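Everything in the sequence shown is counted per the working numbering, starting at 20 for the first residue and increasing by one.
Cβ atoms here follow ideal geometry from the backbone N, Cα and C, with glycine treated the same way.
Bear in mind that the values here come from a model prediction, so they are computed numbers and not experimental data.
So the structure is just underneath, and the comments pick up after that.
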Amino acid sequence: MTQPGQPPEAAQDSPDRPSAPSIPRPRPSAEAATDRPVALSRGHRAGLLLILILGGLSAVPPLSIDMYLPALPEVGDSLGTGASTIQLTLTTCLLGLGLGQLVIGPMSDQLGRRLPLMAGLSCYTLASVACAFAPDAETLIAFRLVQGLVGSAGVVIARAVVRDLFEGVAMARFFSTLMLISGTAPILAPVIGGQLMRVTDWRGIFLVLAVAGVLLVLAVARWLPETLPPERRNAGGVRPALRTMAGLFRDRVFTGHLLVGSLTFAALFAYVSASPFVVQEIHGASPQTFSLLFMVNAIGLVAMSQINGKILVGRLPAARIMAVGLASLILAATALLLMTGGVFGEAGLLPVSAGLFVLMASMPLVLPNANSEGLDRTPHAAGSASALLGASAFFVGAVASPLVGIAGEDTAVPMAVVQLTVVVLAAVCFVTLCRPRRSSRRPILAR
20 MTQPGQPPEA
30 AQDSPDRPSA
40 PSIPRPRPSA
50 EAATDRPVAL
60 SRGHRAGLLL
70 ILILGGLSAV
80 PPLSIDMYLP
90 ALPEVGDSLG
100 TGASTIQLTL
110 TTCLLGLGLG
120 QLVIGPMSDQ
130 LGRRLPLMAG
140 LSCYTLASVA
150 CAFAPDAETL
160 IAFRLVQGLV
170 GSAGVVIARA
180 VVRDLFEGVA
190 MARFFSTLML
200 ISGTAPILAP
210 VIGGQLMRVT
220 DWRGIFLVLA
230 VAGVLLVLAV
240 ARWLPETLPP
250 ERRNAGGVRP
260 ALRTMAGLFR
270 DRVFTGHLLV
280 GSLTFAALFA
290 YVSASPFVVQ
300 EIHGASPQTF
310 SLLFMVNAIG
320 LVAMSQINGK
330 ILVGRLPAAR
340 IMAVGLASLI
350 LAATALLLMT
360 GGVFGEAGLL
370 PVSAGLFVLM
380 ASMPLVLPNA
390 NSEGLDRTPH
400 AAGSASALLG
410 ASAFFVGAVA
420 SPLVGIAGED
430 TAVPMAVVQL
440 TVVVLAAVCF
450 VTLCRPRRSS
460 RRPILAR
């Protein structure tokens, strides 16, 4: 059914089947167009290409971090250094991914999306090759920082492209569809890395990442057009970019959704960091069982992403969906804390796995909707807004992840404490900062 003011050709395709991007038409007022895609449809095949390309770009950071996890002990042996030094290769990559988004996001608002994206992916490929041939730990740490800095272009510009092309319900649905790819990457990456270790060493993993970078460069060059025309770009300079970010932080609703998404993402980071030890060291499961549990949780995450995007979004207010997701996260994290703390006696692997499954399956009710609601307020600074959303998630995740091992490898209590803490804080931010959709319809930068 055509919505009031919607072009007839845009009504031919369902907004939950987004299609190929064309250069967006001039944007109507924020009050008049909040629930329809900005780009016009060009067919299902092109829409699938758009999903695959943006999903691949969004998966670059988790693949860069998590595919490398199974190789950490071998890296230390190969380079003749201790575990604490090798852990810095993860920390510096996380730091680079956060800082890089703060630079590349505003840059894409000034120069357009394609140029910074192509440059970032090309440099990511070179940095991955450099990591593969690093002669010592110090060199590897330095190149991992560079890899994170330039690799952040993928995820920050992917979110900005979605904001260029979609609005309102259509944007929330598209983010849920992207989670089919990007949302499963942190879950599947350690499994992929473990399988690669059967046929190669840790240097081979970085060469695989370099190949992925080349494929993404070719895909972007061939199928992803520029989505930010010159007339909608911001003036260059550092001060305007800083003023834009400061203006975004002054928007209480945008900041609320940023904090909700970042704190929820921290629970995901805590899961990825702690689950190998919880499943294998504490409960004595085999690596194959660990991989199977990862796959089951990935299925739950993907299934709920589709329920959110295909069924819930557009039928229920985003605030209500997020409220249900946060309540489910709190219940799952509380149950995990009670089980790991021995309140119900010694909990086996099955109930702990069930709690982790519910935790992971609840995240798609929060993450895509928080990003969508935040970006929906920033049509004139999507790159800067995307940078803040992404950088905050990695910074909070970088703080939360080391805390899961603070009591050693023989207890899962720190993981549950971290997860419960961050999801409760997310709920507090949601209640105090995020207003209902109707009262926050106007973008802050368009006022």
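Could you tell me which of L68, F313 and A322 sits nearest to P209, measuring between CA atoms? Translated into the one-based positions of the sequence shown, residue 209 becomes position 190. It is F313 whose Cα lies nearest to the Cα of P209.
I need the DSSP call for V436, collapsed to helix, strand or coil. Sequence index remark: in the sequence shown, residue 436 carries index 417 (1-based). Annotated three-state conformation of V436 is helix, per DSSP.
Between S77 and S195, is the Cβ-Cβ spacing less than 8 Å? Against the sequence shown, residue 77 aligns to sequence position 58. Against the sequence shown, residue 195 aligns to sequence position 176. Not in contact: S77 and S195 (Cβ atoms no closer than 8 Å).
If we call anything under 8 Å between Cβ atoms a contact, is A238 one with L82? Indexing the sequence shown from 1 puts residue 238 at position 219. Indexing the sequence shown from 1 puts residue 82 at position 63. Against a cut-off of 8 Å, the Cβ pair of L82 and A238 comes out as no contact.
N327 to V450, Cα distance in whole Å? What you label residue 327 is simply residue 308 of the sequence shown in a count that begins at 1. What you label residue 450 is simply residue 431 of the sequence shown in a count that begins at 1. So the two alpha carbons sit approximately 21 Å from each other.
Beta-carbon proximity check, S411 vs A289, cutoff 8 Å: Residue mapping note: residue 411 aligns to position 392 of the sequence shown, counting from 1. Residue mapping note: residue 289 aligns to position 270 of the sequence shown, counting from 1. Cβ distance not < 8 Å, so S411 and A289 don't count as in contact.
Alpha carbon to alpha carbon, what distance is there between V447 and L345? Start at 1 with the first residue of the sequence shown, and residue 345 comes out as number 326. Start at 1 with the first residue of the sequence shown, and residue 447 comes out as number 428. Counting only the Cα atoms, V447 lies some 10 Å from L345.
Hey, G319 and A380: beta-carbon distance below 8 Å or not? Position 300 of the sequence shown holds residue 319. Position 361 of the sequence shown holds residue 380. One thing to note: G319 has its Cβ within 8 Å of the Cβ of A380.
Express the C-alpha separation of L164 and L407 in angstroms, rounding to a whole number. Translated into positions along the sequence shown, residue 407 becomes position 388. Translated into positions along the sequence shown, residue 164 becomes position 145. Between the C-alpha atoms of L407 and L164 there is a straight-line separation of about 19 Å.
Looking only at its chain, what residues have a beta carbon closer than 6 Å to the beta carbon of R133, apart from the 5 residues adjacent to it on each side? Counting from 1 along the sequence shown, the entry for residue 133 is found at position 114. Only E245 meet the Cβ criterion.
For I211, which residues of its own chain have a beta-carbon under 7 Å away from its beta-carbon, when the five flanking residues on both sides are left out? Against the sequence shown, residue 211 aligns to sequence position 192. Close CB contacts of I211 within its chain, under the 7 Å cut and outside five residues either way in sequence, are with M86 (chain order).
Anticipated Cβ contact below 8 Å, S141 with V272, distance rounded: Numbered from 1 along the sequence shown, position 122 holds the residue referred to as residue 141. Numbered from 1 along the sequence shown, position 253 holds the residue referred to as residue 272. S141 to V272, Cβ: 37 Å. No contact.
Cα separation between G266 and A400? Position 247 of the sequence shown, counting from 1, holds the residue named residue 266. Position 381 of the sequence shown, counting from 1, holds the residue named residue 400. The C-alpha of G266 lies about 10 Å from the C-alpha of A400.
Mind pulling the alpha helix (DSSP H) runs of 4 or more residues that sit fully within the stretch 346-381? Every alpha helix (DSSP H) stretch that sits fully inside the stretch 346-381 and reaches 4 residues is listed by chain position as 368-381.
Can you tell me which of the three DSSP states V332 falls into? As a working mapping, residue 332 is identified with position 313 in the sequence shown. Assignment of V332 by DSSP, reduced to helix, strand and coil, places it in the strand class.
What does the alpha-carbon distance come out to for the pair P249 and L226? Position 230 of the sequence shown, counted from the first residue, corresponds to residue 249. Position 207 of the sequence shown, counted from the first residue, corresponds to residue 226. Their backbone Cα atoms lie some 36 Å apart in a straight line.
Between which residues of its own chain and L68 is the CB-CB distance below 6 Å, once the five residues before and five after are set aside? Here residue 68 corresponds to residue number 49 of the sequence shown, with the count starting at 1. Its chain contains W242 as the residues whose beta carbon lies nearer than 6 Å to that of L68, once the 5 sequence neighbours on both sides are disregarded; these appear in chain order.
Cα-Cα separation, L261 to V298: Locating residue 261 in the sequence shown gives position 242, where the first residue counts as 1. Locating residue 298 in the sequence shown gives position 279, where the first residue counts as 1. Their Cα atoms are separated by approximately 44 Å.
By a C-beta neighbour count over all protein chains shown, 10 Å radius and 16 as the cutoff for buried, is S171 buried or exposed? Counting from one through the sequence shown, the residue named residue 171 turns up at place 152. Around the beta carbon of S171, 16 or more other beta carbons lie within 10 angstroms, which makes this residue buried.
Would you kindly work out how many angstroms separate the C-alpha atoms of A351 and G101, rounded to a whole number? Within the sequence shown, the letter at position 332 stands for residue 351. Within the sequence shown, the letter at position 82 stands for residue 101. Going from the Cα of A351 to the Cα of G101 covers about 36 Å.
Secondary structure at D429, three-state DSSP: helix, strand or coil? Along the sequence shown, one-based indexing puts residue 429 at 410. Note: D429 maps to coil in three-state DSSP.
As assigned by DSSP and simplified to three states, the class of A398: Translated into the one-based positions of the sequence shown, residue 398 becomes position 379. The sequence given here places Pro at residue 398; Ala does not occur at that position. Looking at P398 - three-state DSSP - the assignment turns out to be coil, as it is neither helix nor strand.
Please name the residue in S403, A431 and L439 whose C-alpha comes closest to that of G131. Within the sequence shown, numbered from 1, the residue matching residue 131 stands at position 112. The shortest Cα separation from G131 among S403, A431 and L439 belongs to S403.
What would DSSP say about A304, mapped onto helix, strand or coil? For this step, residue 304 is matched to residue 285 along the sequence shown. If DSSP states are grouped into helix, strand and coil, A304 belongs with coil.
What did DSSP end up calling C453 once you bin it into helix, strand or coil? Position 434 of the sequence shown, counting from 1, holds the residue named residue 453. Correct three-state label for C453: coil.
Neighbour-count burial assignment, P154, 16 or more Cβ in a 10 Å radius: Residue mapping note: residue 154 aligns to position 135 of the sequence shown, counting from 1. P154 counts as exposed, since fewer than 16 other beta carbons sit within 10 angstroms of its beta carbon.
Express the C-alpha separation of S305 and P40 in angstroms, rounding to a whole number. Reading the sequence shown from its first residue, position 21 is the one you call residue 40. Reading the sequence shown from its first residue, position 286 is the one you call residue 305. Its pLDDT being 40, under 50, P40 is placed unreliably by the model, and the measurement read from it follows with that caveat. For P40 and S305, the distance between alpha carbons rounds to 45 Å.
Taking 8 Å as the cut-off, decide whether the C-beta atoms of A286 and V441 are in contact. As a position in the sequence shown, residue 286 is number 267, starting the count at 1. As a position in the sequence shown, residue 441 is number 422, starting the count at 1. Their beta carbons are under 8 Å apart, which means A286 touches V441 by this criterion.
List the endpoints of the continuous alpha helix (DSSP H) containing P295. Your numbering for residue 295 matches position 276 in the sequence shown. Note, P295: alpha helix (DSSP H), R271 to P295.
Can V332 and A191 be called in contact, C-beta distance under 8 Å? Numbered from 1 along the sequence shown, position 313 holds the residue referred to as residue 332. Numbered from 1 along the sequence shown, position 172 holds the residue referred to as residue 191. Contact: yes.
Less than 8 Å between the C-beta atoms of P92 and M216, yes or no? Within the sequence shown, residue 92 is the residue found at index 73, counting from 1. Within the sequence shown, residue 216 is the residue found at index 197, counting from 1. No, they are not a contact pair.
Would you please state the rounded distance, in angstroms, between the beta carbons of V371 and S347? I believe it to be under 8 Å. Walking along the sequence shown from the start, residue 371 turns up at place 352. Walking along the sequence shown from the start, residue 347 turns up at place 328. That pair is no contact at about 17 Å.
Can you list the alpha helix (DSSP H) stretches of 4 or more residues lying completely in the stretch 173-229, in chain order? For the stretch 173-229, the continuous alpha helix (DSSP H) assignments of 4+ residues that do not extend past its boundaries occur at 187-197 and 204-215, in sequence order.
Which word fits I84, buried or exposed, when buried means at least 16 other C-beta atoms lie within 10 angstroms of its C-beta? For this step, residue 84 is matched to residue 65 along the sequence shown. Classification of I84: buried, given that the 10 Å Cβ count is 16 or more.
Mind checking which residues open and close the alpha helix (DSSP H) that includes M86? Along the sequence shown, one-based indexing puts residue 86 at 67. Looking at the DSSP string, M86 is not in any alpha helix (DSSP H), and its letter there is neither H nor E.
Where does R334 land, buried or exposed, given buried means 16+ other C-beta within 10 angstroms? On the sequence shown, residue 334 is found 315 positions in, with the first residue counted as 1. It counts as exposed.
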